[in-house]
Structure formats: C-alpha cells, structure tokens
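**Student:** Count along the sequence shown starting at 1, add 940, and that's the number in the numbering used here. The C-beta atom is built at its ideal place from N, Cα and C for all residues, glycine as well. Pasting in a structure now, in structure tokens, and then I'll have a few things to ask.
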Amino acid sequence: MAAGYGELLRARHAARLLCGTLVGRLPSATGHIAIVLFVRSEGGGYALAGALAAVYGLATAVGQPLLGRAVDLYGQPRVMLPAAVLSGIGMTALAVVGTDPLLPAYAAVVVAGMCTPPLEGGLRALWPGVLGREDRVHAAYALDAVAQEVMFTAGPLLVTVFVAWWSPGAALLVINVLGVLGALSVVVSEPSRRWRSAPREAHWLGALRSPGLLALLGSFLFVGVALGSITVAAVAYADDHGRESVYGWLMAALGLGALIGGAVYGARRWVGEPERRLRVLVGLLALGYLPLSLTPGVAAMTGLAVVSGVFLAPALACAFVVVDRHAPPGTVTEAFSWLVTVFGVGAALGPGVAGPAVEWGGTAPGFRVAGAGGAAALLVLLATARVLNGRGRRGVPVVSSENDRNGAVEPGFSAGHQA
941 MAAGYGELLR
951 ARHAARLLCG
961 TLVGRLPSAT
971 GHIAIVLFVR
981 SEGGGYALAG
991 ALAAVYGLAT
1001 AVGQPLLGRA
1011 VDLYGQPRVM
1021 LPAAVLSGIG
1031 MTALAVVGTD
1041 PLLPAYAAVV
1051 VAGMCTPPLE
1061 GGLRALWPGV
1071 LGREDRVHAA
1081 YALDAVAQEV
1091 MFTAGPLLVT
1101 VFVAWWSPGA
1111 ALLVINVLGV
1121 LGALSVVVSE
1131 PSRRWRSAPR
1141 EAHWLGALRS
1151 PGLLALLGSF
1161 LFVGVALGSI
1171 TVAAVAYADD
1181 HGRESVYGWL
1191 MAALGLGALI
1201 GGAVYGARRW
1211 VGEPERRLRV
1221 LVGLLALGYL
1231 PLSLTPGVAA
1241 MTGLAVVSGV
1251 FLAPALACAF
1261 VVVDRHAPPG
1271 TVTEAFSWLV
1281 TVFGVGAALG
1291 PGVAGPAVEW
1301 GGTAPGFRVA
1311 GAGGAAALLV
1321 LLATARVLNG
1331 RGRRGVPVVS
1341 SENDRNGAVE
1351 PGFSAGHQA
C-alpha cells in the first residue's frame, strides 16, 4: 500500500525540505511577473518589460544545469546559498537602479536569473535519502509536482498583494528575501549538509551523455511547448468571450486538474517500468489537450481545461523517476535541472508558436498547437523506446542504487548518499 501524503510529511525533515524549497523557488516562479509590473511602474513599455522578463527566463534556463553540476561536485550548501544571495542581489539592483540606463537593468536580471539556485533538482536528489522506501519516493515526486502547481498559482497572487500593499519595487525585494530564506532553510538542514553525489566520470557533457536522458528531455521540450501555447490560446478565447476573467478561470482549471491528477497518482503504488508508464501518461496528456480546440462555451471549456490538466502532474512525477534512473552516476542534480530547463524553454517557445496560429486562424488553431505539442512529445518517447525501455545508465537494467552507499534506498534510485 502506498504511503499517504501525511505519512510522507511526518517523515523527519520532509516537511521542512518541501516548504523551504517552495519558498526558495518563489523568485523563479514569480520573477517574470514582478519584473513586468516593476518596469511598467517605472514608465517602461510592454516591449521593454517583456524583453527584461525574457532575458531573466533565458538566464535562469542557462544557469540551472550549470549550478546543478556545481552542486553535484561541491555539495548543496556551498553552491545554493551563495547563488540565492547573488540572485537576490541582482533583483535588488534592478529595484534600486531601475530601467534607466538599460545596460545595468539587463545585467541585473542576467545575474538574478543565472544565479537562481537549483532547489527543485536538489530536493529530488534528497528525497531518496530522506524517505528511504521506493514507494515513498514515488509519492514524494507526485507531491512535489502538486506543490509546484500550488506555487505557480499562488505565487503571482502573492506578488500582486505585495504590489497593492507597497510597490512593485518592494515586491521584487520581498520575494527575493523570501527566496534566500527558503534556500537557507534547506541548506542548513541535516540531509542537505550531509548529501554527497556519487563519484562521477569526468566528462564535459555531464548528465547529457545519457541517451535515455536526452530522449526524455526531447519529449518534455514539446510538453512545455504544449503548456506554453495554452496561455496564448486562452487569452484569445477570453477575448472572444469579452471577459478577461475567463482567462483566469481557464488557468485555474488547468491547475485544479493537475492538483487532482497529482494527488491521485501519488496516492497509489505503481509497479512496472516507469518508462513505459510515462508513455501512457504523455499519451493521455496529449489526448486531454485535443478537445480544447473545440472551444465550446465557457462552462464546458472550463471543464475541458480541468480534464486537460489531469495528467500533467503525473507525467512530471513519472519523469522525475525516469531522470533518476538514467542520470549517469554523480550527475543527478544536474540531470533534474536539465529537465527543469528544457521544460521551461518549451513553455517559453509555446507562445511564440501559438501566437501566429491564433493570428492566422483564430482561437481553435492556438489550442491545436497544444495538442500537436503533446503528440510530438509522445512520438519522441515512442521513437526512443529502445533507449528508454526499462534501461538505466550505460544501457543496462537498473538493479541497485549506485549512489546509496548505506543501502538505505531501494533499487532504482541514484540521488546521492549521506556522508
């Protein structure tokens, strides 16, 4: 029987690590929104606001795997806390200097993005050592995906509250102070201080030398495209119905679906190869996106949005397990960070694909981009099935944890060991 979420959170250190990671990730979840609001308050146009937000997102995408590799080499505290502080300093500089002149503003967001600590990958590297049993770790990955949906829903609301109470500049400062405190809470914990990556083979590609990981990243690039395209198509749908609030309803419905799916997925114990299960989940995710192109009335569309979100969190949770199985020894934080990066890049590309589709054919083609993205993600998994089918690192089945020297973790996990 699968461990319940309550049992997970009662495990020593688990609640602290989850909450600290969520708070620490607040700047990355809300940074683009806070930047846009700040630039607009300074009198800057939407083009400048969008450009600075895009540079921040790109810098974050570049920095995550680089910092993840540093964590694998030097440990979590020595990398994550200094990175969080530097990222906060970057955002503070933007709030103090403003957008005139432009060069310091761009430099500030580059520093803030590049130095965003890889807390997400770090937490997933810690779960096996904290929870021990395989079923608990699977459930923790699902809980992490659910918590992520909560953060990405509540985070923007929190920023708007800070803006209303104080100012956009104050909002930038507050969310980054919270981010540093969250990172501090994680890195001073015993699991984070004791965690060490497995010995690694020196290779300039790092985690990317794993064919299985590359296959997974290729698939989740398209999952990100699908999710990102929905944001543009949903705006067009709201415009068609003459109410901006419709957009909020659709986004909330997507989040609700992901919450339901993640909660159900993590509440049971799954058997069999996760690579095969991932293909089923991604296929169901693609099927869930297809009916959105029907664009029915608001009530029915909201229901379809709930359904379309149901398999997102389970697919992510299963992908975390697959990443752990295919990451070369000593690269697990970097590997998790690559998944975060590729998914984020896809989500950033999605609006760029859906926008022209909406301009050319209206709202329905915009939603078809989401269905096409899901289908492409499935095709990548099917085309690389030989690489992914129950295969671990170096093409041999995973039968033991190479990184768990104390034998505390059940077979199939490689997230590190406690010193």
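CA-CA distance, G946 and L962?
**Tutor:** Numbered from its first residue, the sequence shown carries residue 946 at position 6. Numbered from its first residue, the sequence shown carries residue 962 at position 22. Going by the C-alpha atoms only, they are around 18 Å apart.
**Student:** Along the chain, where does the alpha helix (DSSP H) containing E1213 start, and where does it finish?
**Tutor:** Your numbering for residue 1213 matches position 273 in the sequence shown. Neither: E1213 is in no alpha helix (DSSP H) and is coded neither H nor E.
**Student:** Give every residue of the same chain whose Cβ lies closer than 7 Å to the Cβ of G1228, excluding the five residues on either side of it in the sequence, and list them in chain order.
**Tutor:** On the sequence shown, residue 1228 is found 288 positions in, with the first residue counted as 1. Contacts found: V1247, S1248, V1250 and F1251.
**Student:** Pick from L1221, A1239, V1186 and T1281: whose alpha carbon is nearest that of G1202?
**Tutor:** Taking the sequence shown and counting its residues from 1, the one referred to as residue 1202 is at position 262. Checked all of L1221, A1239, V1186 and T1281; the closest Cα to G1202 is L1221.
**Student:** Under 8 Å, do A1033 and F1162 count as touching if we go by C-beta distance?
**Tutor:** If you number the sequence shown from 1, residue 1033 lands on position 93. If you number the sequence shown from 1, residue 1162 lands on position 222. For A1033 and F1162, no; Cβs fall outside 8 Å.
**Student:** What number of angstroms, rounded off, separates the C-alpha of W1300 from the C-alpha of Y1177?
**Tutor:** Here residue 1300 refers to the residue found at position 360 of the sequence shown. Here residue 1177 refers to the residue found at position 237 of the sequence shown. Going by the C-alpha atoms only, they are around 14 Å apart.
**Student:** Can you list, in chain order, the residues of its chain whose CB lies under 7 Å from that of E1215, leaving out five sequence neighbours each side?
**Tutor:** As a working note, residue 1215 is residue 275 in the sequence shown. Correct list, in chain order: V1262, L1328, N1329 and G1330.
**Student:** Taking the alpha-carbon positions, what's the G1237 to G1302 distance?
**Tutor:** For this step, residue 1237 is matched to residue 297 along the sequence shown. For this step, residue 1302 is matched to residue 362 along the sequence shown. Looking at the two C-alpha atoms, the distance is approximately 16 Å.
**Student:** Secondary structure at R1009, three-state DSSP: helix, strand or coil?
**Tutor:** As a working mapping, residue 1009 is identified with position 69 in the sequence shown. The answer is helix: DSSP assigns R1009 an H, G or I state.
**Student:** Check whether the stretch 1156 to 1170 and the stretch 1280 to 1292 touch, using three or more Cβ-Cβ pairs below 8 Å as the test.
**Tutor:** Yes, since at least three Cβ pairs between the stretch 1156 to 1170 and the stretch 1280 to 1292 fall closer than 8 Å, the two stretches touch.
**Student:** Select from G1206, L1013, A1226 and M1020 the residue whose C-alpha is nearest the C-alpha of H1078.
**Tutor:** Taking the first residue of the sequence shown as position 1, residue 1078 is located at position 138. Selected option, being the one with the closest Cα: G1206.
**Student:** State the DSSP-derived secondary structure class of P1291, mapped to helix, strand or coil.
**Tutor:** Stepping through the sequence shown from its first residue, residue 1291 is reached at position 351. Here P1291 sits in helix by DSSP.
**Student:** With the cut-off set at 8 Å, would you say L1083 and M1020 are in Cβ contact?
**Tutor:** Within the sequence shown, numbered from 1, the residue matching residue 1083 stands at position 143. Within the sequence shown, numbered from 1, the residue matching residue 1020 stands at position 80. Their beta carbons are not under 8 Å apart, which means L1083 does not touch M1020 by this criterion.
**Student:** Indicate the three-state DSSP secondary structure (helix, strand or coil) for N1116 in the structure shown.
**Tutor:** Indexing the sequence shown from 1 puts residue 1116 at position 176. N1116: helix per DSSP, three-state reduction.
**Student:** I need the boundaries of the alpha helix (DSSP H) containing Q1088, first residue and last residue.
**Tutor:** Taking the first residue of the sequence shown as position 1, residue 1088 is located at position 148. First-last of the alpha helix (DSSP H) with Q1088: E1074 to W1105.
**Student:** Quick check: the stretch 1034 to 1041 against the stretch 1118 to 1131, are there 3 or more CB pairs under 8 Å?
**Tutor:** No, they do not touch.
**Student:** From R980 to G997, what distance separates their C-alpha atoms?
**Tutor:** Along the sequence shown, read from residue 1 onward, the residue named residue 980 stands at position 40. Along the sequence shown, read from residue 1 onward, the residue named residue 997 stands at position 57. About 18 Å.
**Student:** Starting from C1258 and walking both ways along the alpha helix (DSSP H), at which residues does that stretch end?
**Tutor:** Within the sequence shown, residue 1258 is the residue found at index 318, counting from 1. Residues L1252 to H1266.
**Student:** If contacts are defined as beta-carbon pairs under 8 Å, then S1132 and P1017 qualify, I think. What distance do you get, rounded to the angstrom?
**Tutor:** In the sequence shown, counting from the first residue as 1, residue 1132 sits at position 192. In the sequence shown, counting from the first residue as 1, residue 1017 sits at position 77. Confirmed, Cβ separation roughly 6 Å.
**Student:** In whole angstroms, what is the alpha-carbon distance linking L1319 and R1217?
**Tutor:** Counting from one through the sequence shown, the residue named residue 1319 turns up at place 379. Counting from one through the sequence shown, the residue named residue 1217 turns up at place 277. About 15 Å.
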